[in-house]
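Enquirer:
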Amino acid sequence: MPIDFNQQIIEEFRANHGRVGGPFEGGRLLLLTTTGARSGATHTTPVGYLPDGDRVLVIASAAGAPRHPAWFHNLKANRHVTVENGTFTYDATATVLDGAERDRLFARAAEADPGWAEYQAKTDRVIPVVALEEIPGPPNVDADTMGGGLKAIHDAFRRELALVRAEIARSGPRVGAQLRVNCLTVCSGLHHHHTIEREHMFPALGEQHPALAEPLKRLQAEHEAIAELLGDLQTLLADDATPADPAALLTEVERLTHELEGHLDYEEEHLIPALDGIPM
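Just so you know, the numbering used here puts 146 at position 142 of the sequence shown, and the rest follows in order with no gaps.
#1: Would you call histidine 262 buried or exposed, if buried means 16 or more other Cβ atoms sit within 10 Å of its Cβ?
#2: Between the C-alpha atoms of tryptophan 120 and aspartate 102, what's the straight-line distance to the nearest angstrom?
#3: Beta-carbon separation of threonine 91 and alanine 156 under 8 Å?
#4: DSSP three-state label for valine 257, please.
#5: Does DSSP put threonine 99 in a helix, a strand or coil?
#6: Closer than 8 Å by C-beta to valine 51: which residues in its own chain qualify, once you throw out the five before and the five after it? Chain order, please.
#7: Check histidine 213 in the structure and name its three-state DSSP category.
#8: Spatial neighbours of asparagine 10 within its chain, please: CB distance less than 7 Å, with the 5 preceding and 5 following residues excluded, ordered by chain position.
#9: For aspartate 8 and leucine 54, what's the separation of their Cα atoms in angstroms?
#10: For glycine 141, which of helix, strand or coil comes out of DSSP?
#11: Would you call isoleucine 200 buried or exposed, if buried means 16 or more other Cβ atoms sit within 10 Å of its Cβ?
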């Protein structure tokens, strides 16, 4: 892609917490910063990604061009990269997958989006699949205050659930492997987020703001209700050998979305005023 087009996407991405229009609208996008293999300078590129549990996958398709994209050569020379997903910025280790693992994950991506297979058909090179694994460290939320950070995280869940619902709607008669992973990844993310709130944020707010006792009690109860919905969704997707029915899956995701949206709205109404005074 032309450099000026990339820069436009980067600026829009950062200004809107990961939301962009144009060819990337309605898709999953991250900003990948690599170190130039020759220059040593940093380079940031918008790249589509696929969820894969605790890591994300990026595919060096270059739209089927005969050469690998520059960012791929960079991360092969230096595996330490920076990832921006619109909510968090974090350091990651890039691993170029090979053999059966690469083939399995590329096939999974192509099943979800035939465009990947079309790119592979256009070129003689084997299109690489790269796993980006976060390097443990303090969370770096793209916000100035704790309140802004909470809103950014909530919006990321809203956006992800909207993507999943759209993917289910166009999935056809069976739920593909990548869609299954997308659903399970958002379940894991919600569970992790609620665990942090329950064990850290809620107790601290309850101690500092006694007037929040009733809202926090309600939010705790809603966490339990959402946990049950997450359990139902995970049960539906638990057996890889038995494809889930898209209609049943959509019903479960809609139930979760309805419950979660009300929960997030209530939490923001009552907690953000207290959190907005706390810098990140």
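All C-beta atoms in this analysis are idealised placements derived from N, C-alpha and C, irrespective of residue type, glycine included.
Expert: In short, the structure shows the following:
#1: Burial is judged here by how many other beta carbons sit within 10 angstroms of a residue's own beta carbon; histidine 262 has fewer than 16 and is exposed.
#2: About 17 Å.
#3: Contact annotation: threonine 91 and alanine 156 have beta-carbon atoms nearer than 8 Å.
#4: Helix at valine 257.
#5: In this structure, threonine 99 counts as strand in the three-state DSSP scheme.
#6: Excluding the 5 residues flanking it on each side, valine 51 has same chain C-beta neighbours closer than 8 Å at Leu33, Leu34, Leu35, Leu36, Val62 and Trp75, in chain order.
#7: Per DSSP, reduced to three states, the secondary structure at histidine 213 is coil, with no helix or strand assignment.
#8: Sequence-distant Cβ neighbours of asparagine 10 in its own chain, meaning closer than 7 Å and more than five residues away, are Thr49 and Pro50.
#9: Aspartate 8 and leucine 54: Cα-Cα distance of roughly 25 Å.
#10: DSSP places glycine 141 in coil when its eight states are reduced to three.
#11: With fewer than 16 Cβ atoms within 10 Å of its Cβ, isoleucine 200 is classed as exposed.
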